[in-house]
Amino acid sequence: MPSAAAAADVPLPEGLARAASRALWLRVVAAHPDAGVRRGDWRRGLDAVVWQLATRTTRTMLTVPAKGATWAIMAADGCVSRAVLADRISWLIARGLLVRAVAGSTPRYRRGTRQGLDDDGLGNLAAQYILTVPEDLLQEMADDLDHSPALVPADADDIDAEVPWPVEVLPVDQTWTPSPTPADVGDETPRSAGARERPVAASPVSAWPAVVTPHTKADMLAACERLRADDPLLAQLTARHLRSLLRAAFISGATVSDVRYAINHRVDGTQHPYTDRPRWLPAWLRSRLAHWVNADGEPVAPWPSQARAQAVARDRAEQQRRRADRAHAVAACGDPVRGAARARQLLAEATGRTGPQPGVIKPVEEVAGRRRRVTPWRGGPASRLADSEPSPATAICRG
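Just so you know, full-length UniProt numbering puts 2 at position 2 of the sequence shown, and the rest follows in order with no gaps.
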């Protein structure tokens, strides 16, 4: 098993430097451009893994198993799975933020053990990593990194020097003690004092609506600003560059929502299978929009907003046609009130067997409400008179 000193002396690849401090390494990882385009849950897993790595290193920025730098312990303490831990470590190694000094191994797969038949007494060896920072990335972030004591490494002589008692202060990477705010000892502010008025009124940031098609150059520029604000991937392009790439789509009637849909979907509604970060963003954007707009700038298929508008227009036309058909059917049937009055008049004429009298309608109840004699039943009363009101049909049959 290699010693900690031998693992710390492993030569680093060209272009990489050992991190000056843990705080500097954590800050470089958090500000890495490739981590900014990831989802929030992915970044939370990365933060948990890098914290476990940073807190289990020595002064030489080397992780050691004695401090719990094993996959089992780091995954359990970081509340992540082994798959997440392996993925984030691979991501850090690929971007030069981590160098594997000692590869982990087991007796079965270690060289010289005949696939575990011979016990070398080492057991399972945990992998050891060195916290590194790419030199070019460190130069680019030189202006963003402040020169606080947390990011400036201390001298080795000062760290190893014996501190006299009782000043037993251990060096720390970063202090979390808040600085006290000095109390105001000036004159008391009068109660009548009001808030200071701003010299210039703050204007809200105008955002282009996502469902409106831009027509002018200024409108297209505002729509591109809306896309850059909504999508961190498109934010890597300037608004003018993005407008030149989307000009054909906007001229054909696309909205901000249509552009977002076209970037992730084909014309038939299926999603694009390639979801990794594009190598060259302008060419990637042109290839995605080529499914919707051809080389001549003509739309291959209606945009989603246009398809929805056409569907709404068809529904309205169908509703208007149904209303017209119903109105025509009602007009053909005539007025129901006049038809009912005419039916009562014909019924009265049929029951009274008299000609129609102008302006007078003989009621059916007056014609049908006559007294009639009922034939006695056998074994019943001899005769009886009964007043009844036959139905209009009975009155018609009896004349």
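Each residue gets a CB set at the ideal place from its N, CA and C atoms; glycine is no exception. Note that the coordinates shown come from a computational prediction; the quantities given were computed from them, not determined experimentally.
Other residues of its chain near residue i: CB distance less than 7 Å, five sequence neighbours each side excluded
i: Ala-127; result: Arg-100, Val-102, Ala-103, Gly-104
i: Gly-45; result: Val-80, Val-84, Arg-88
i: Asp-34; result: Arg-95
i: Arg-82; result: Trp-71, Ala-75
i: Leu-236; result: Position check: residue 236 holds Gln in this sequence, whereas Leu was assumed. Leu-281.
i: Arg-277; result: Val-37
i: Cys-333; result: none
i: Arg-43; result: Ala-35
i: Gln-271; result: Asn-264, His-265
Per DSSP, the bridge partner or partners of residue i
i: Ser-81; result: DSSP output for Ser-81 lists no bridge partner at all.
i: Leu-62; result: Ile-130
i: Gln-271; result: His-265
i: Thr-238; result: DSSP output for Thr-238 lists no bridge partner at all.
i: Pro-299; result: Val-293
i: Thr-57; result: Thr-63
i: Leu-92; result: In DSSP, Leu-92 forms no bridge with anything.
i: Leu-125; result: Ser-105
First through last residue of the beta strand (DSSP E) which encompasses residue i
i: Ala-17; result: 16 to 18
i: residue 407; result: Outside the displayed span of the chain (1 to 399) sits residue 407, for which this structure offers no information.
Residues of its chain near residue i, where Cβ-Cβ distance is below 6 Å and the 5 sequence neighbours each way are ignored
i: Pro-149; result: Summary for Pro-149: the model assigns pLDDT 43, below 50, so the residue's position carries little reliability; its value from the coordinates is reported in the next sentence. Nothing listed; no residue qualifies.
i: Ala-69; result: Arg-56, Thr-63
i: Ala-207; result: Arg-226
i: Val-28; result: Val-133
i: Pro-153; result: Bear in mind that the predicted position of Pro-153 carries a pLDDT of just 46, short of 50, making it unreliable; the figure below should be weighed with that in mind. Around Pro-153: Ala-20, Ser-21.
i: Ser-305; result: Thr-255, Asp-258
i: Glu-168; result: Annotation note: pLDDT 45 at Glu-168 (below 50); position unreliable, no value reported.
i: Ala-324; result: none
i: Pro-204; result: With a pLDDT of only 45 at Pro-204, under the threshold of 50, the placement of this residue in the model should not be trusted; the figure read from the coordinates follows. Counting only Cβ-Cβ distances below 6 Å, and skipping sequence neighbours, we find nothing.
Where the alpha helix (DSSP H) containing residue i begins and where it ends
i: Ala-35; result: 33 to 36
i: Ala-207; result: Careful: Ala-207 lies outside any alpha helix (DSSP H) and carries neither H nor E.
i: Thr-216; result: No alpha helix (DSSP H) holds Thr-216; DSSP gives it neither H nor E.
i: Pro-336; result: 336 to 352
i: Val-28; result: 22 to 30
i: Leu-12; result: Here Leu-12 belongs to no alpha helix (DSSP H), and DSSP marks it neither H nor E.
i: Tyr-232; result: The question names Tyr, but residue 232 is Pro in the sequence shown. Pro-232 -> no alpha helix (DSSP H), and no H or E assigned at all.
i: Asp-325; result: 304 to 333
i: Asp-136; result: 135 to 140
Cβ neighbours of residue i in the same chain (closer than 8 Å, five flanking residues each side left out)
i: Asp-136; result: Gly-15
i: Pro-232; result: Gly-36, Val-37
i: Asp-47; result: Ala-30
i: Ala-327; result: none
i: Asp-41; result: none
i: Leu-12; result: Arg-18, Val-99, Ile-130, Thr-132
i: Asn-124; result: Gly-104, Ser-105, Thr-106, Pro-107
Presumed contact (8 Å Cβ cut-off) between residue i and residue j, rounded CB distance
i: His-291; j: Arg-266; result: 5 Å
i: Arg-243; j: Ala-262; result: 16 Å between Cβ atoms; not a contact.
i: Trp-25; j: Ala-54; result: 6 Å
i: Ile-130; j: Val-293; result: Not a contact, Cβ separation roughly 50 Å.
i: Val-49; j: Gly-96; result: So it is not a contact: roughly 16 Å between Cβ atoms.
i: Leu-221; j: Arg-228; result: At roughly 11 Å, the Cβ-Cβ gap does not stay under 8 Å, so Leu-221 and Arg-228 are not in contact.
i: Ala-223; j: Met-141; result: Rounded, the Cβ-Cβ distance is 32 Å, inconsistent with contact.
i: Leu-138; j: Ala-17; result: 7 Å
i: Leu-246; j: Arg-286; result: Their Cβ separation, rounded to whole angstroms, is 10 Å, which puts Leu-246 and Arg-286 out of contact at 8 Å.
Contact with chain D by residue i, beta-carbon distance below 7 Å
i: Ala-83; result: The structure shown contains no chain D, having only a single protein chain.
Using 8 Å as the threshold, is the stretch 254 to 270 in touch with the stretch 210 to 219, meaning 3 or more CB pairs across them? The stretch 254 to 270 vs the stretch 210 to 219: in contact.
The stretch 297 to 308 / the stretch 277 to 285 touching (three or more Cβ pairs under 8 Å): Taking a cut-off of 8 Å for Cβ pairs, the stretch 297 to 308 and the stretch 277 to 285 do not touch, as fewer than three such pairs fall below it.
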